[in-house]
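A.B. asks:
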Amino acid sequence: MADLQESIARLQAACRDPRAQMDRYLAQGKKVVGCFAPWAPEELVHASGMIPMGMWGGHTELKSAKSYLPAFACSIMQANMEFGLNGAYEGMSAVIIPAICDTLRCMTQNWRFGVKSIPAIAIVYPQNRRSPASTDYLISEYEGVLLQLAALTGCMMSETALCETIRIYNEHNRTMREFAAAAAEHLDVITPQVRHAVFKSAFFFEKSEHTAIVQDIIAGLKALPVCQWSGKKVVLTGIMCEPEQVLDILADNGIAVAADDLVQESQQFRADTPETGGGGLKRLALQWNERYGCSLIHELGKPRGGELAKLCAGAGADGVINCMVKFCDPEEYDQPWLEKDLRAAGIPCASIEIDQQNASFEQIRTRVQTFCELL
Amino acid sequence: MSDTLNPTAAAPAQAAAAPAKPKRPKAKSLLMIGEQTNALFENARLAKERGEKVGWSASIFPQEIAETLGLNVLYPENHTAGIAARHQADPFLQECEGPMGYSNDLCAYAKLNLAYTAVLNGESSVELPDGGKMVKPDFLLLTNNICNQLTKWYENLARQLDIPVFFIDTCYNPMDYVTETRVRYVRAQIDQLIRDLCAFTGKTWDDERFKKVMEISQRNSYLWERANNLMDHKPAPIGGFELFNYMSAMVCNRGKESTTAIMEQLNAEMEQHIKEGTSTFPAKEEYRVSWDGIACWPYLSHNLRTLKQYGINMVASSYGKAWAIQYDDLDGMARAYCFASTNGDNASTMLSRRYEALTRMGCEGTIYHVNRSCKVMDCQMMEVQRQLSKMAGVPFTSFDGDQADYRNYSEAQFETRIQGLVEVMKQNKEAKSNG
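Quick look at the structure:
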């Protein structure tokens with residue numbers, strides 16, 4: 007079993023240099039398929055014998071992307087486009103792009119014409135999940151993705167491989183949930199930045215490999231005495247909470263992340279694929295119906311505020327920090343209701359603007375300091 | 004919209020400058036549009052008074068369903084465009100971005116409508132400039148073929164008003180065609196929606212009535228497309244911006260016989276102009292261009308004044324023809340509504356539709372409206388501009404604007420951009436005439 011700090015450092019290194027992770031897999035003779043944020047059928051890539059690798063933007067200077075996207079496109083897509091155009095993703099065999107918001111619809115086309123060296127595979131998830139026909143439709147979308155993946159590998163994915171992949175992914179989900187629970191008892195070791203790295207790194211490892219590392223971390227944590235955190239505790243919600251400087255501001259103010267509802271983090275792991283109920287593709291399609299609380303997936307009733315209130319109560323959190331990715335319109339529609347419902351539940355909430363290309367964090371620092379005093 | 008948006012009638016500054024020029028009488032078709040729009044709102048009001056359920060609908064929802072059921076339905080996008088065009092948007096934008104807590108980044112149609120809804124719901128005291136003719140809905144009809152923001156906007160309306168949403172998820176088309184699996188999914192949703200809507204409203208579905216409505220709708224789509232295509236005559240029989248006036252007939256009343264009468268009248272008026280070699284375009288047609296994107300409603304008159312100054316007539320638009328929806332059964336309806344809006348189609352489809360319009364209409368340039376409200380239009384516009392300009396060999400320009408938020412436009416920028424486009428079009432024209 008690896009040392010706790012060594013394991014953490016390994017995951018942090020992967021987040022800081024995902025390219026090195028990709029090169030490692032390429033050197034092993036594996037093919038890598040990029041998976042655009044926020045949702046992509048990673049399992050199909052995995053079951054096809056390739057490595058799915060998350061594409062969640064990053065800090066860069068936007069140059070070439072400006073020829074494709076206006077300034078008011080979200081920073082994640084701006085960065086993905088820039089990296090695609092400047093060659094940072096060279097080596098990927100393809101990218102999968104979910105057309106799940108208006109900007110992502112366009113990204114399927116911008117990538118197609120702008121980054122011709124890496125083929126784009128578009129997937130359109132159903133939004134009317136109450137319609138029973140949505141499951142068959144999603145299966146057909148998966149089949150379309152599989153055909154394009156088979157063109158990369160030269161062979162079709164087997165049902166056995168998919169079932170094994172689903173088992174691996176469900177085990178990984180369980181492990182990540184177990185980590186979240188263990189982390190909440192060790193907020194001295196699992197700082198906001200460390201917590202984020204453990205979650206985000208899942209996008210840069212083959213999942214069983216990541217599961218093993220995280221299980222080592224959990225075991226390491228369990229060997230330590232439970233920490234009675236004396237500072238403030240918050241729940242993070244939104245698409246993502248990056249870059250690291252933002253997380254450091256939380257730590258600087260004695261704020262720990264007790265739980266999260268981030269699309270990039272816990273939302274990825276809270277819906278398992280059913281173990282029974284049909285073939286692999288059908289079960290994967292049914293998993294889509296289990297996802298909740300994501301602004302990009304249609305749900306009636308604006309339930310996020312209520313869910314967050316429950317999450318805060320369960321985690322003993324003092325408040326919620328809503329991480330608003332700049333120019334993310336699905337999030338902007340949820341924001342007023344989410345804040346209203348939290349206010350009604352007596353839970354303090356502060357919104358901060360997330361921009362991966364940000365160079366100055368003083369506004370966020372002031373906002374967090376004020377919020378901390380409020381708590 | 005209760006008022007038509009005849010840009011020639013909406014240019015007071017210009018009218019003041021011109022010495023006692025006799026005002027051109029309004030075309031009969033425009034008067035008919037006014038009557039039809041008034042009837043739409045009045046019928047909804049009366050239905051509400053009778054205790055019947057009234058709906059609000061996304062603009063490219065299969066209108067024929069509500070028409071078959073005899074439901075009164077109003078259209079927030081159309082209504083807010085009218086508010087914006089009449090320069091009445093400001094208090095609603097302030098309300099939405101202030102007390103209601105919405106971001107400035109969002110679609111201005113949504114922002115106006117959410118604030119208007121707050122007034123109807125007793126949560127805001129903003130004065131309604133139209134006296135509340137957009138009566139409070141009892142249900143919502145939603146499709147996302149235009150954009151995903153509509154899905155979120157209607158989610159919020161449903162929560163705000165505590166009313167149901169009847170939703171058809173039309174799915175974006177990354178392929179050049181609508182896949183059969185999409186047709187099956189959308190068809191199943193249409194069938195379910197009809198059942199649910201009947202149960203909710205107490206109405207009964209009548210296949211014969213639907214066939215009749217479908218026939219009317221097809222006739223109207225044909226006539227609308229035909230009118231748009233008549234713009235291929237040189238000079239064009241009307242000023243292209245005038246076609247925006249007729250969109251309410253196609254958006255809100257596609258399945259009605261009153262629309263057939265309006266469209267027939269419009270076609271007849273255009274043919275008369277062609278026969279007589281006249282045009283309603285208020286200047287000599289020097290240049291013919293296409294317009295990409297929704298109208299910049301708050302500055303329609305400034306747009307027209309500027310274009311008129313150079314004799315530029317907008318003879319093709321990527322926008323209006325989205326409502327020329329052709330099909331002949333429910334499967335066809337599913338396919339047609341998946342493919343109606345180029346916002347829901349991939350860049351190849353978008354390019355081929357625009358290229359066809361540019362060449363058919365003999366356009367010499369394209370004006371792209373970088374509509375701050377509409378990411379789905381803007382986020383692939385730059386690539387479309389490059390490819391289309393290369394394919395068609397015509398120059399383009401773009402300007403920053405908004406379909407309803409007056410703050411996102413600069414008159415000086417628009418004028419400079421048009422001036423630049425004219426210089427290139429002029430050079431091209433001269434080069435052509437010099438062989």
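Taken in order, these protein sequences are the chains called Y and B. Be aware that the first sequence starts at 7, since it is given in the numbering used here, and climbs by one per residue. Be aware that the second sequence starts at 4, since it is given in the numbering used here, and climbs by one per residue. Ideal placement from N, C-alpha and C gives every residue a C-beta, glycine not left out.
Alpha carbon to alpha carbon, what distance is there between L307/B and K429/B?
C.D. replies: Cα to Cα, the separation comes out at about 19 Å.
A.B. asks: Out of M61/Y, C41/Y, K36/Y, which one is the CA nearest neighbour of G55/Y?
C.D. replies: For the residues M61/Y, C41/Y, K36/Y, the minimum Cα distance to G55/Y belongs to K36/Y.
A.B. asks: Comparing alpha-carbon positions, which option in G335/B, S62/B, L303/B lies nearest E414/B?
C.D. replies: Cα-wise, what sits closest to E414/B is L303/B.
A.B. asks: Tell me the start and end of each unbroken beta strand (DSSP E) in the stretch 53–137 of chain B that is at least 3 residues and wholly inside, in chain order.
C.D. replies: Counting only runs of 3 or more, we get 57–60, 75–77.
A.B. asks: Using only CA atoms, which one of A225/Y, I360/Y, V331/Y lies nearest to D9/Y?
C.D. replies: With distances taken between Cα atoms, D9/Y lies closest to A225/Y.
A.B. asks: Would you call K228/Y buried or exposed, if buried means 16 or more other Cβ atoms sit within 10 Å of its Cβ?
C.D. replies: It is exposed - the Cβ of K228/Y has fewer than 16 other Cβ atoms within 10 Å.
A.B. asks: Does DSSP put A8/Y in a helix, in a strand, or in coil?
C.D. replies: Here A8/Y sits in coil by DSSP.
A.B. asks: Below 7 Å CB to CB, which residues in the same chain sit around L8/B once its five sequence neighbours on both sides are set aside?
C.D. replies: With a pLDDT of 40 at L8/B, under the threshold of 50, the predicted position of this residue should be treated as unreliable, though the coordinate-derived value follows. Same-chain partners within the cutoff: A88, F247, N248, L303.
A.B. asks: T146/B and Y290/B look like a contact to me (Cβ under 8 Å); what is the Cβ gap, rounded to whole Å?
C.D. replies: About 36 Å; that fails the 8 Å criterion.
A.B. asks: Provide the residue span of the alpha helix (DSSP H) that contains N316/B, from first to last.
C.D. replies: Element bounds for N316/B: not the alpha helix (DSSP H) but the beta strand (DSSP E), 315–320.
A.B. asks: Is the beta carbon of Y78/B less than 9 Å from the beta carbon of C299/B?
C.D. replies: No; because the gap between Cβ atoms is not below 9 Å, this pair is not in contact.
A.B. asks: Within a Cβ cutoff of 6 Å, which residues of the same chain sit near R420/B, ignoring the five residues on either side of it in sequence?
C.D. replies: The answer, listed in chain order, is T400, F402.
A.B. asks: Closer than 8 Å by C-beta to H276/B: which residues in its own chain qualify, once you throw out the five before and the five after it? Chain order, please.
C.D. replies: Excluding sequence neighbours, H276/B sits near P240, I241, S282, T283.
A.B. asks: In angstroms, rounded to a whole number, what distance separates the CA positions of D210/B and G73/B?
C.D. replies: When rounded, the distance between both Cα atoms is 13 Å.
A.B. asks: For a contact meaning CB atoms closer than 9 Å, what does Y105/B contact in chain Y?
C.D. replies: Near Y105/B (Cβ distances below 9 Å), the residues of chain Y are E338, Y339, Q341, P342.
A.B. asks: Let me check one thing: in DSSP terms, what residues is Y371/B bridge-paired to?
C.D. replies: Beta-bridge pairing links Y371/B to D295/B, S401/B.
A.B. asks: For F142/B, name the three-state secondary structure that DSSP assigns.
C.D. replies: Of the three classes helix, strand and coil, the one that applies to F142/B here is strand, per DSSP.
A.B. asks: Looking only at its chain, what residues have a beta carbon closer than 6 Å to the beta carbon of P94/B, apart from the 5 residues adjacent to it on each side?
C.D. replies: Excluding residues within five positions, the ones whose Cβ falls inside 6 Å are V129.
A.B. asks: Tell me where the beta strand (DSSP E) around E359/Y begins and ends.
C.D. replies: Note, E359/Y: beta strand (DSSP E), 355–360.
A.B. asks: Ignore the nearest five residues each way along the sequence and tell me which others in L317/Y's own chain have a CB closer than 8 Å to its CB.
C.D. replies: Around L317/Y: V241, A265, D267, A323.
A.B. asks: For Q195/B, decide whether its Cβ has a neighbour in chain Y, counting only Cβ atoms nearer than 9 Å.
C.D. replies: Yes, because at least one Cβ of chain Y sits closer than 9 Å to the Cβ of Q195/B.
A.B. asks: By the 8 Å beta-carbon criterion, what residues does the stretch 133–164 of chain B contribute toward chain Y?
C.D. replies: Going along the stretch 133–164 of chain B in chain order, one finds N147, C150, N151, Q152, T154, K155, W156, E158, N159, A161, R162 with a Cβ nearer than 8 Å to chain Y.
A.B. asks: Nearest to S81/Y by alpha carbon, out of C355/Y, K332/Y, E67/Y?
C.D. replies: Out of C355/Y, K332/Y, E67/Y, K332/Y has the C-alpha closest to the C-alpha of S81/Y.
A.B. asks: Using the three-state DSSP reduction, which class does D267/Y fall into: helix, strand or coil?
C.D. replies: In the structure shown, D267/Y sits in a strand (DSSP, three-state: E or B).
A.B. asks: Within 9 Å (strictly less), CB to CB, does N259/Y reach chain B?
C.D. replies: Output row for N259/Y: interface = no.
A.B. asks: Could you tell me the distance, in whole angstroms, from the CA atom of A262/Y to the CA atom of C355/Y?
C.D. replies: Computed Cα separation, rounded: 15 Å.
A.B. asks: Based on Cα-Cα distance, which residue from R16/Y, I57/Y, E215/Y, E67/Y lies nearest to N364/Y?
C.D. replies: That would be E67/Y, whose Cα lies nearest to the Cα of N364/Y.
A.B. asks: Against Y175/Y, what residues of chain B qualify as contacts under a CB-to-CB distance less than 9 Å, listed in chain order?
C.D. replies: Result: empty, since nearest Cβ-Cβ is about 25 Å, beyond 9 Å.
A.B. asks: Would you mind sorting N437/B into buried or exposed? The rule is 16 or more other CB atoms within 10 Å of its CB.
C.D. replies: The residue in question, N437/B, is exposed, as its Cβ has fewer than 16 Cβ neighbours within 10 Å.
A.B. asks: Please tell me whether L109/B and R410/B are closer than 9 Å, where the distance is taken between their beta carbons.
C.D. replies: Not a contact, by the Cβ cut-off of 9 Å.
A.B. asks: Should C247/Y go down as buried or exposed, given a rule of 16 or more other Cβ atoms within 10 Å for buried?
C.D. replies: C247/Y comes out buried.
A.B. asks: In chain C, what lies closer than 9 Å to V130/Y by C-beta?
C.D. replies: The chain inventory of the structure shown lacks chain C, comprising the protein chains Y and B.
A.B. asks: Measuring only between beta-carbons, confirm whether R297/Y sits less than 9 Å from chain B.
C.D. replies: No, R297/Y lies away from the interface with chain B (no Cβ there is under 9 Å from its Cβ).
A.B. asks: Could you work out which residues of chain Y lie near N316/B, taking near to mean beta carbons separated by less than 8 Å?
C.D. replies: Correct list: empty, because the minimum Cβ distance to chain Y is about 28 Å.
A.B. asks: With the cut-off set at 9 Å, would you say E305/Y and G299/Y are in Cβ contact?
C.D. replies: Yes, Cβ-Cβ distance for E305/Y and G299/Y is below 9 Å.
A.B. asks: According to DSSP, is S99/Y part of a helix, a strand, or is it coil?
C.D. replies: The answer is strand: DSSP assigns S99/Y an E or B state.
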